[in-house]
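Comments concern the structure below.
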RNA sequence: GCCGAUGUAGCUCAGAGGUAGAGCGUUUCCUUGGUAAGGAAGAGGCCACGGGUUCAAUUCCCGUCAUCGGCUCCA
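In the numbering used here, the protein residues as written are 2 to 647.
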């Protein structure tokens, strides 16, 4: 007998060789039906793999990510089996489970899949699932495995196996399909009740641009048909929040083929929104001791040779602009820091003057690959809410903490809760990708980690994600479709001060090198507005709404009175318009609701007589009548509460 | 940049080898209305652009551009 310890610490005796599914059955039939995988001493196993020794276990159902992973991983095998049956000779790369479903990378040779082929594969998968094939785990020798795939002509699997260090590899067999796989899998296909293949894409073999591009098929499966419907419904709903759709509908921004791809045009309402955000941050920064500066949109090539960006990103910049007579070359500026370094150099600083915090909403241009462009989140011209802090090494951590404070203040004011912090460190195995001394890297990374800890900010630490000149702390968010984007970033830089030979005079009357912090809370105005739009589905809070109030006269008889209300509100700088179209009130209300304007003021005979307005709030309805003055104060207070309380 | 898909009115989308349609929006007129759609009439399209096949192409084929889903990249 062996001792099995459950998550609640209770212990039960079982015969040696008991399996997860049998343990589940011993608890209840219902659990046995819904369990998908088991953790044995922290390692996820197949449910039918015998447990030979005492173990701590945990059973995973659909509600656990380990359970879903087993299901989706198995589904990937079923999909591969279906594809092999329908398209013999297909070679297979890798087919893992992912956050939402699974994919398989395949090479169909000369054949190519189109979206119309997906239902056929789905159908075949359903047939296979109905046959209720078990997944059988097998250990075979590496040699044998290699021969199997060589015979199959599958160079991808051969490559994968060749790199494995073990003498034995595990295979999983389900029906006629056999796949190299570490597992774990479902005992058989029966839990898979709903299948949907979602999309096709190209994907480089092993993520390497220089290697062959395979076809990636994405899919998802569920234990219940209803869950699939819900999931598809959720996708539909998410699409409605897409900033590209809302941006068009609400007239926030547009693109023009004639202007050029990836170059956003901010329409009046979007510009209003952006300006409100900029004004807000400028106020915050002024209080925090930042000094506004303004620099030009281009810079001499030499500036970027000094900074090191030319070497690294010269090809990703827009083509240089040359002057006809002097033969100089200028670049559209891809970042603001070199300009700011030159500003720092315009005078001498004592150690008492530091830190110096130079801030600029600087528009930069980068030649992003065409396939990368995406709405406002990835563009070729964008404005950073940029600032560079030049400080003494002993001030680094304190300054870093102050920046974290600003980022958090800003995100709180905008009700941004679902962000992740990520500390990106260098990759110790690829030091050649970075500039600067190992010692400075160490110092910078230490400062970031410590500052983050001191702020109690939970951050994932990822090696190899640092910028080429320094480590960073990024704030990541997800968009409506669950894609990750980086917003704010704080980066420590010992290198630019070195390259630009920046100095301050220390208390010892000697020259010293300052440290630089690059930071942008929003990241870029474009990306931030995009994410903000999706975050609130276009229902911007009152203080940000491009149009805050709309006056709806019952008929044109009340036009004069509406104008009186408008003038009063305008005096308070409340962004107000009148809907004086020849439409019924119901229609005007409907249109104001769909345009997501926070407040509607209905004015007619009653209101004119009593000098009031009838207030209706977006998505909430009638709030009753109010004097114009009271309403204005209400709006002013509400705006204040958004900005001040934080 | 790469793989795949898409491109028809301002927006959302039908359509077919023989000179183009709907809904919403917009314009004009009627209507002067009370908390999510009043009525009528009209305007609006080189069917993304450039080639080719054909008696005939917006429709079929090729290329370009743009957009979308991924991959790679992201100072």
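Cβ coordinates follow ideal geometry from the N, Cα and C atoms, glycine included.
>> To the nearest angstrom, how far is the alpha carbon of residue 608 from that of residue 567?
In response: 14 Å
>> Could you tell me which whole alpha helix (DSSP H) segments of length 4 or greater appear in the segment 535-562?
In response: none
> If we ignore side chains and look at the alpha-carbon of each, how far apart do residue 79 and residue 275 end up?
Replying inline: 49 Å
> Considering only C-alpha positions, which residue in the set 254, 199, 458 and 188 is nearest to residue 50?
Replying inline: 188
> For residue 88, which residues from the same chain have a beta carbon less than 7 Å from its beta carbon, with the 5 sequence-adjacent residues on both sides left out?
Replying inline: 109 and 112
>> Tell me which residues share the same chain as residue 271 and place their Cβ nearer than 6 Å to its Cβ, disregarding the 5 neighbours each side in the sequence.
In response: 253 and 254
> I think residue 299 touches residue 258, with their Cβ atoms under 8 Å apart; what is that distance to the nearest whole Å?
Replying inline: Contact doesn't hold; Cβ gap of about 25 Å is too wide.
> In terms of residues, what are the limits of the alpha helix (DSSP H) holding residue 601?
Replying inline: First-last for residue 601: 600-604, but that is the beta strand (DSSP E), not the alpha helix (DSSP H).
> Does the beta-carbon of residue 646 have 16 or more other beta-carbons within 10 angstroms, so that it is buried, or is it exposed?
Replying inline: Because residue 646 carries a pLDDT of 47, less than 50, the predicted location of this residue cannot be relied on, and no value is offered for it.
> Hey, quick one: how far does the beta strand (DSSP E) through residue 433 stretch, first residue to last?
Replying inline: Neither: residue 433 is in no beta strand (DSSP E) and is coded neither H nor E.
>> Quick check on the burial criterion: 16 or more other C-beta atoms within 10 angstroms. Buried or exposed for residue 621?
In response: exposed
> Where does residue 202 land, buried or exposed, given buried means 16+ other C-beta within 10 angstroms?
Replying inline: exposed
>> Restricting to Cα atoms, I'd like to know which of 466, 402, 449 and 404 is closest to residue 670.
In response: Any property of residue 670 remains undetermined from this structure, which presents the chain solely from 2 to 647.
> On the three-pair Cβ rule with 8 Å, is the segment 393-412 touching the segment 350-361?
Replying inline: yes
> Which of the three DSSP states, helix, strand or coil, is assigned to residue 260?
Replying inline: coil
> Helix or strand or just coil, what does DSSP make of residue 349?
Replying inline: coil
> In terms of DSSP beta bridges, what is residue 105 paired with?
Replying inline: 218
> What is the rounded straight-line gap between the Cα of residue 265 and the Cα of residue 378?
Replying inline: 10 Å
> If you follow the alpha helix (DSSP H) that residue 251 is part of, which residue opens it and which one closes it?
Replying inline: Element bounds for residue 251: n/a, residue is neither H nor E.
> Where do the ends of the alpha helix (DSSP H) carrying residue 39 lie?
Replying inline: Looking at the DSSP string, residue 39 is not in any alpha helix (DSSP H); the run it does join, the beta strand (DSSP E), is 38-41.
> Leaving out five residues before and five after residue 631 in sequence, what residues of the same chain have Cβ atoms less than 8 Å from its Cβ?
Replying inline: none
> Since residue 404 and residue 518 are thought to touch, with beta carbons under 8 Å apart, how far apart are those beta carbons, to the nearest angstrom?
Replying inline: 6 Å
> Hey, is the segment 60-73 in contact with the segment 449-457, meaning 3+ C-beta pairs nearer than 8 Å?
Replying inline: no
> CA-CA distance, residue 280 and residue 292?
Replying inline: 14 Å
>> I'd like the ranges of any beta strand (DSSP E) spanning at least 3 consecutive residues and lying wholly in the segment 381-465.
In response: 382-392, 421-426 and 460-464
> If residue 490 sits next to residue 520, beta carbons under 8 Å apart, how far is it from one beta carbon to the other, in whole angstroms?
Replying inline: 7 Å
>> Using a Cβ distance threshold of 8 Å, determine whether the segment 337-354 contacts the segment 500-515, with at least three qualifying pairs required.
In response: yes
>> Is any non-hydrogen atom of the ligand NAD found closer than 6 Å to the C-beta of residue 536, if you look at the structure I gave you?
In response: The ligand NAD is not among the ligands present in this structure, which contains no ligands whatsoever.
>> Residues in the same chain with beta-carbon distance under 6 Å from residue 593, minus the five sequence neighbours each way, listed in chain order, please.
In response: 551 and 601
> Which one or two residues does DSSP pair with residue 372 in a beta bridge?
Replying inline: Beta-bridge pairing links residue 372 to no other residue.
> Under the three-state reduction of DSSP, which class applies to residue 267: helix, strand or coil?
Replying inline: strand
> So what does residue 174 bridge to, in DSSP terms?
Replying inline: 137 and 179
> Using DSSP with H/G/I as helix, E/B as strand and the rest coil, what is residue 666?
Replying inline: Given that the chain is displayed from residue 2 to residue 647, the structure contains no residue 666 and the question cannot be resolved.
> Would residue 360 be called buried (16 or more neighbouring beta carbons within 10 Å of its own) or exposed?
Replying inline: buried
> Is it a yes or a no for the segment 466-475 touching the segment 424-442, going by three-plus beta-carbon pairs under 8 Å?
Replying inline: yes
>> What would DSSP say about residue 581, mapped onto helix, strand or coil?
In response: coil
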